[in-house]
Amino acid sequence: MHVKLPSIKHQSITYIVFVENLITYGCERTAPDSGDYRHSDHPVPASAAASVSASHIAPSAPKMPSTKRGTSATSLQPSAPLHKLIMVGRGGVGKSSLTLQYMYGDFIEEYDPTKADSYRKKVCLDNEECFIDILDTAGQEEYAAIRDNYYRTGEGFVCVYSILEPDTFVNTQVFREQIVRVLDDEGIPFVLVGNKADLADMRRVSTQQGQQQADEWGCMYFETSAKTRQNVEEVYEALMRLIWHRKQHKLGAHGGEYGKIGKKCSIL
1 MHVKLPSIKH
11 QSITYIVFVE
21 NLITYGCERT
31 APDSGDYRHS
41 DHPVPASAAA
51 SVSASHIAPS
61 APKMPSTKRG
71 TSATSLQPSA
81 PLHKLIMVGR
91 GGVGKSSLTL
101 QYMYGDFIEE
111 YDPTKADSYR
121 KKVCLDNEEC
131 FIDILDTAGQ
141 EEYAAIRDNY
151 YRTGEGFVCV
161 YSILEPDTFV
171 NTQVFREQIV
181 RVLDDEGIPF
191 VLVGNKADLA
201 DMRRVSTQQG
211 QQQADEWGCM
221 YFETSAKTRQ
231 NVEEVYEALM
241 RLIWHRKQHK
251 LGAHGGEYGK
261 IGKKCSIL
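Take the sequence shown: its position 13, counting from 1, is numbered 13 in UniProt numbering, and each next residue is one higher.
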């Protein structure tokens, strides 16, 4: 489903406000039983009603998204496994579009730079319920100084570039190196994504270039389209599996299995 909206910030969304978190935390729920949440870092007035209709307002300055998930809603304290993914890449490559397509099945035509938005959704992965938490980060250079703080919260990373813009592909090396440096972990679950595959006739970065880069890093490679939903679910599911198997490997429950699942491959 393609939806053209002037800005995600202007969608009418119902806020579910929990009493004990009125001052510090707001949570937007997209549907009564969807299990999908968009977390907001914005203060909520003490006079706010328990449930009000409002438009999402972006923070005036870049801040870390709230990591306080609340205590009243079981969906914010998942009993099922929680996998924390972080979207990285230059501005305008389609990180937010991929995230919104996966979360809500919507495609947003107009580019609206992200500062930092956090989303959570209950999913069924390999017949098991789990939660996916996606942090959609800013790709603009002016936010480079705060990226280290974001990266420390991630269990896996989706590194996105546009197949139409070679400079965004070159920049994936910068993001990869920064993540490895901050986490001191070259084996962190990581997926390289060449987005805007629906415009393949205009591509300036070949599939071979993307695959070669992924081979060097030993990671999975996908070409996606946020517009047509090509490989969108596959990206997130593949990364969640890598995260899950790594957790099991660390617990000693599935020794060696992470290495087998994490072998490089590509899906175009």
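C-beta atoms are modelled at their ideal positions from N, C-alpha and C, and glycine is treated no differently.
Collapsing the DSSP output to three states places residue 116 in a strand. Here residue 180 is not bridged, per DSSP, to any residue.
Annotated as distal: residue 93 and residue 153, with beta-carbon spacing of 8 Å or more.
Its chain contains 64, 86, 116, 135, 137 as the residues whose beta carbon lies nearer than 8 Å to that of residue 150, once the 5 sequence neighbours on both sides are disregarded; these appear in chain order. DSSP lists 132 as the beta-bridge partner residues of residue 83. In this structure, the beta-carbon distance from residue 195 to residue 145 does not fall below 8 Å. Per the C-alpha coordinates, the member of 191, 219, 103, 204 positioned closest to residue 121 is 103.
Our two residues, residue 250 and residue 202, have alpha carbons roughly 43 Å apart in a direct line. Leaving aside the five residues that flank residue 209 on each side, the residues in its chain whose CB is nearer than 8 Å to its CB run, in chain order, 169. In the three-state reduction of the DSSP assignment, residue 213 falls in the helix class.
The beta-carbon separation of residue 98 and residue 224, rounded to 6 Å, stays under the 8 Å limit for a contact. A residue is called buried when at least 16 other Cβ atoms come within 10 angstroms of its Cβ; residue 160 meets this threshold and is buried.
Annotated as distal: residue 220 and residue 125, with beta-carbon spacing of 8 Å or more. For residue 162, the beta-bridge partners assigned by DSSP are 195. Under the three-state reduction of DSSP, residue 224 is assigned to coil, being neither helix nor strand. Around the CB of residue 172, 16 or more other CB atoms lie within 10 Å, so the residue is classed as buried. Cβ contact annotation for residue 164 (same chain, cutoff 7 Å, sequence separation greater than five): 196, 199, 202, 203, 204, in chain order. Scanning 181, 214, 184 for the CA closest to the CA of residue 190 turns up 214. When the five nearest sequence neighbours on each side are left out, the beta carbons in the same chain lying within less than 7 Å of the beta carbon of residue 140 are those of 91, 113, in order along the chain. Residue 124 has 129 as its beta-bridge partners, per DSSP.
Taking residue 233 as reference, the option from 127, 105, 183 with the minimal CA-CA separation is 105. In the assembly as shown, residue 184 is an exposed residue. Its beta-carbon has fewer than 16 other beta-carbons within 10 Å. C-alpha of residue 252 to C-alpha of residue 133: approximately 24 Å in a straight line.
Boundaries of the alpha helix (DSSP H) harbouring residue 147: 147 to 151, taken from the DSSP string.
Of the other Cβ atoms in all chains shown, 16 or more fall within 10 Å of the Cβ of residue 231; this residue is therefore buried. The Cβ atoms of residue 175 and residue 235 lie no closer than 8 Å to each other. In this chain, residue 202 is not harboured by any alpha helix (DSSP H), its DSSP state being neither H nor E.
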